[in-house]
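The structure appears below as structure tokens.
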Amino acid sequence: MMAVSYNAWLVTLSVALAALDAYVAFSVVGRIARSRGPAAVLWTAFGALAMGSGVWAMHFIGMLALEVPIPLGYESRLTTLSAVPVVLATGATLWLLARRATHTGAVMAGGILGLGMVAMHYLGVHALQMQPAIAWRLPWTAASLLLGVGGSVAALWLHSLIWRSERRHRWWLRVLAAWVMGGTAAGVHYLGMAAMRFAPDATSLQAHSGLHGLGLGLAISLVSGVLLLLTLGVSLAHRQLQRHTEAIARELGQARDALSWLAYHDELTALPNRANVLDLLDRLLPLAREERFEVAVMFIDLDGFKSINDTLGHEVGDEFLRSVADALRASVRSRDTVARFGGDEFVVVLERFRSEANLAAICQKILSLVSRPVTVAGHGVSATPSIGVAMFPRDGEDSASLLRHADLAMYSAKEHGKAGYCFYQPRMSEQARDRLLLSAELREALQREEIVVYYQPKVELEGRRVVGLEALARWPHPQRGLLLPKSFVALAEGSGLVGRLGEVVLRQVARQMAQWRARGLPLVPVAINVSLQEIQDGHFVTGLLGTLREFALHPSLIEFEITESAAMKNAEHTLRQLRQLEAIGFRMAIDDFGTGFSSLSHLRQLPTQTIKIDQSFVQGAARNPADRDITEAIIALAHKLRLGTVAEGIETEAQAAWLREAGCGVGQGFLFVPPLPPDQVPALLLRAAAHVPNEAASG
437 MMAVSYNAWL VTLSVALAAL DAYVAFSVVG RIARSRGPAA VLWTAFGALA MGSGVWAMHF
497 IGMLALEVPI PLGYESRLTT LSAVPVVLAT GATLWLLARR ATHTGAVMAG GILGLGMVAM
557 HYLGVHALQM QPAIAWRLPW TAASLLLGVG GSVAALWLHS LIWRSERRHR WWLRVLAAWV
617 MGGTAAGVHY LGMAAMRFAP DATSLQAHSG LHGLGLGLAI SLVSGVLLLL TLGVSLAHRQ
677 LQRHTEAIAR ELGQARDALS WLAYHDELTA LPNRANVLDL LDRLLPLARE ERFEVAVMFI
737 DLDGFKSIND TLGHEVGDEF LRSVADALRA SVRSRDTVAR FGGDEFVVVL ERFRSEANLA
797 AICQKILSLV SRPVTVAGHG VSATPSIGVA MFPRDGEDSA SLLRHADLAM YSAKEHGKAG
857 YCFYQPRMSE QARDRLLLSA ELREALQREE IVVYYQPKVE LEGRRVVGLE ALARWPHPQR
917 GLLLPKSFVA LAEGSGLVGR LGEVVLRQVA RQMAQWRARG LPLVPVAINV SLQEIQDGHF
977 VTGLLGTLRE FALHPSLIEF EITESAAMKN AEHTLRQLRQ LEAIGFRMAI DDFGTGFSSL
1037 SHLRQLPTQT IKIDQSFVQG AARNPADRDI TEAIIALAHK LRLGTVAEGI ETEAQAAWLR
1097 EAGCGVGQGF LFVPPLPPDQ VPALLLRAAA HVPNEAASG
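Going left to right, the sequence shown walks through residues 437 to 1135 as my numbering numbers them.
Here it is in structure tokens:
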């Protein structure tokens, strides 16, 4: 038998090439698994060519590592053909692993790959074309076959664990599987080589005409290694690109989710928004109709919130709105929906409530929690809610009508004094249409300056002399007759027309006083009611002074009356505005005193000369001792603060006598003179001539 040995360097090179080949093949499996259609086919073909050629190169280098005393060569056609079984088997293996990453799939793929490697080896050995023929030792041949199949199955079974393991363990499992597969490929070859017996006089028919030489083996090793490294590089680049693509897709998904969230939520409070509530009601109402349960919609508006923004800034206002959102959530059940519609408007949707009384209790809870003062940026702020309630199906069959009717009920709550709640009634819709029509007519009336001013005298209770006038707006409506302020002032405030109304009244008063002066009539101060909206308007003072300059009137001839409740809102800001008016020379009076909640410290700081006692106390004194006591206390307080007092609504001599004895100096009411049109005022002014300050009279 011919002596046989092996070149250790080529053996080592063949084993290393087999391990690299297996690692590259396993990396390609992931690319095939994540691809579809033509891309998966291309990755399979590319991987089969790379891995198959790698195994074939390992086999060829192993054959070149064989050292015998005779020259060897390999028939080129058979040598090339030997690559076909392993390339095809590799392709089938990669496809099975990518599409069936299970133990069963691993066993099937391992069997195919093992048979492919064995076929490649023995077909390649046949390319030696020895004479006499090689003798085979069957135990070694069987061992190579068993190793090829069993080792391949073991390596691929390890690979199947990769798909089930945690990511941090995958790399070493893949390395282990690659070495097992590489060892299997090398083992199949060298066991197959051990199975060969060369006769002592054997020769290779391809020794001089076939493939041979160490240089050829190194060249094949280099080409195969470059191909494997190229495949690995492409695989890694593809994986990096895929990860980048997945990261972009994740970011786009997160952005899409964020946009979707913003489309259905309020960014400031994180509450659902209008679109969210409409979508909720569109889904909830059909279910409620089918299962016969009720749904309630509460529309909530914050009274006085605008003044918080105007006085303390939007940051404080935003923080306050967040506190309101928390209070509303705490007022209802977790399954109920609290939403913000924008600005200071909130909506609560409740389902399966027990009764209307239960809804009333929830409204009371909302009033209690939302009205509590909170400290924001060092400022104590509060605003009271007005709540309107509409119920399905009683008050509306769809989301639009429910929200509209809840909104109408909320405005009704405001008209009844704010800080309360109202349930929708059908008459509210008619009232709303009437308000809308009247608002449009008021706008036109203001544009045409159809509002007229009546004057009610202020009379000294002691001598019954006229010491001043109060300007009272009247609207001669073509269909409704002469409308009093209570019919349209609140409407003007709600529709943003109160500033224009104030301008019209001031201009008429100034023009009328200039006409009276031109006729030689003595002038007395005229009181004009002013709203908080007008005072907070940045152009109010500028327009006021412009009107007085136009008609050459002195500011002391104008007295502004602001209600106690308006003076208390945004106290610091209101105080600054009133002090500015006082510095210019205007007189100030607190109207409807006793009906608000002013503190003595705040009242003491107001630049006012007069307190007007609300007529409800004057007219109620005869029936209610408390009203009498409150009135007398107000008069005593005014004396302590060195302020004048004017009592409103005096209708009887008994009332006038009681007020005079209590220390009140001036009164108004039908006992003396009712509000008069301008042409009836001159006679009163003549009687007041002796009591007007010289600079005021001269203008």
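Ideal placement from N, C-alpha and C gives every residue a C-beta, glycine not left out. All of these numbers come straight from a predicted model, not from anything done at the bench.
Close beta carbons around residue i, own chain, < 8 Å, minus the five adjacent residues each side
i, result
"His-605", "Only weak support is given to the placement of His-605: the predicted model assigns it a pLDDT of 49, under 50, and the value that follows is read from those uncertain coordinates. If we look at His-605 and ignore the five residues flanking it on each side, it has no Cβ neighbours."
"Val-966", "Gly-938, Phe-996, Glu-997 and Ile-998"
"Ala-590", "Gly-546, Val-616 and Thr-620"
"Ala-683", "none"
"Leu-559", "Leu-514, Leu-517, Ser-518 and Pro-521"
Proximity to residue i [Cα-Cα], best of the options
i, options, result
"Pro-708", "Asp-1050, Ala-1092, Ala-775 and Glu-880", "Ala-775"
"Gly-956", "Val-962, Pro-893 and Pro-1118", "Pro-1118"
"Leu-524", "Ile-506, Glu-511 and Ala-545", "Ala-545"
"Pro-809", "Cys-799, Thr-820, Gln-800 and Lys-801", "Thr-820"
"His-990", "Pro-961, Arg-1064 and Gly-814", "Pro-961"
"Ala-813", "Glu-703, Leu-748, Gly-778 and Gly-930", "Leu-748"
"Ala-1092", "Ala-706, Ala-1057, Thr-811 and Ser-835", "Ala-1057"
"Val-895", "Glu-1087, Gly-498, Tyr-700 and Glu-880", "Glu-1087"
"Val-520", "Arg-788, Gly-547, Leu-551 and Ala-542", "Leu-551"
"His-418", "Arg-936, Phe-634, Gly-587 and Pro-722", "The structure shown does not extend to residue 418, since the chain is modelled only from 437 through 1135, so no value can be given for it."
"Ser-518", "Leu-874, Leu-533, Leu-564 and Ile-798", "Leu-564"
"Leu-597", "His-625, Leu-581, Gly-541 and Ala-793", "Gly-541"
"Ser-1052", "Pro-1061, Ile-1020, Thr-1046 and Thr-1044", "Pro-1061"
"Val-1082", "Glu-886, Ala-622, Leu-786 and Glu-898", "Glu-898"
"Ile-971", "Ala-484, Tyr-891 and Ser-743", "Ser-743"
Assumed close pair residue i, residue j - CB separation to whole angstroms, cut-off 8 Å
i, j, result
"Val-783", "Val-733", "7 Å"
"Ala-1025", "Glu-997", "5 Å"
"Ala-855", "Ser-807", "7 Å"
"Arg-725", "Pro-829", "7 Å"
"Leu-704", "Arg-758", "7 Å"
"Ala-1090", "Ile-1071", "Going by Cβ atoms, the distance from Ala-1090 to Ile-1071 rounds to 17 Å, so no, they are not a contact pair."
"Gln-567", "Leu-508", "Not a contact, Cβ separation roughly 12 Å."
"Phe-1138", "Asp-702", "The structure shown does not extend to residue 1138, since the chain spans only 437 to 1135, so no value can be given for it."
"Leu-453", "Ala-493", "6 Å"
"Leu-878", "Leu-933", "6 Å"
Close beta carbons around residue i, own chain, < 6 Å, minus the five adjacent residues each side
i, result
"Leu-918", "Arg-910 and Pro-912"
"Pro-1114", "Gln-948"
"Thr-577", "Ala-631"
"His-841", "Ala-826, Asp-831, Gly-832 and Tyr-860"
"Phe-1108", "Val-895"
"Gly-904", "Lys-894, Val-960 and Pro-961"
Three-state class that DSSP yields for residue i in the structure shown
i, result
"Gln-1211", "Look at the range of the chain in this structure, 437 to 1135, and you will see that residue 1211 is not part of it."
"Gln-861", "coil"
"Val-460", "helix"
"Leu-874", "helix"
"Leu-1107", "coil"
"His-701", "strand"
"Asn-712", "helix"
"His-1075", "helix"
"Gln-399", "Beyond the ends of the chain as shown, which are 437 and 1135, falls residue 399; an answer cannot be given."
"Leu-502", "strand"
"Asn-745", "helix"
"Asn-965", "strand"
"Phe-987", "coil"
"Asp-1063", "helix"
"Phe-1022", "coil"
"Gly-778", "strand"
"Arg-633", "strand"
"Gly-619", "helix"
"Phe-1053", "helix"
"His-815", "strand"
Cutoff 7 Å; reference residue i; Cβ partners in own chain excluding five residues on either side
i, result
"Lys-801", "Ser-767"
"Asn-443", "Ala-501 and Glu-503"
"Ala-849", "Ser-822, Ile-823, Gly-824, Gly-856, Tyr-857 and Cys-858"
"Ala-881", "Ile-887 and Trp-911"
"Phe-1106", "Glu-1087"
"Ala-868", "Leu-844"
"Gly-816", "Pro-809"
Taking only runs of the beta strand (DSSP E) that begin and end inside the region 892-947, which ones reach a length of at least 3 residues, in chain order? DSSP runs (the beta strand (DSSP E)) wholly in the region 892-947: 902-913 and 917-919.
I'd like the ranges of any alpha helix (DSSP H) spanning at least 4 consecutive residues and lying wholly in the region 824-869. Counting only runs of at least 4 residues, the region 824-869 fully encloses the following alpha helix (DSSP H) elements, listed from N- to C-terminal order: 835-851.
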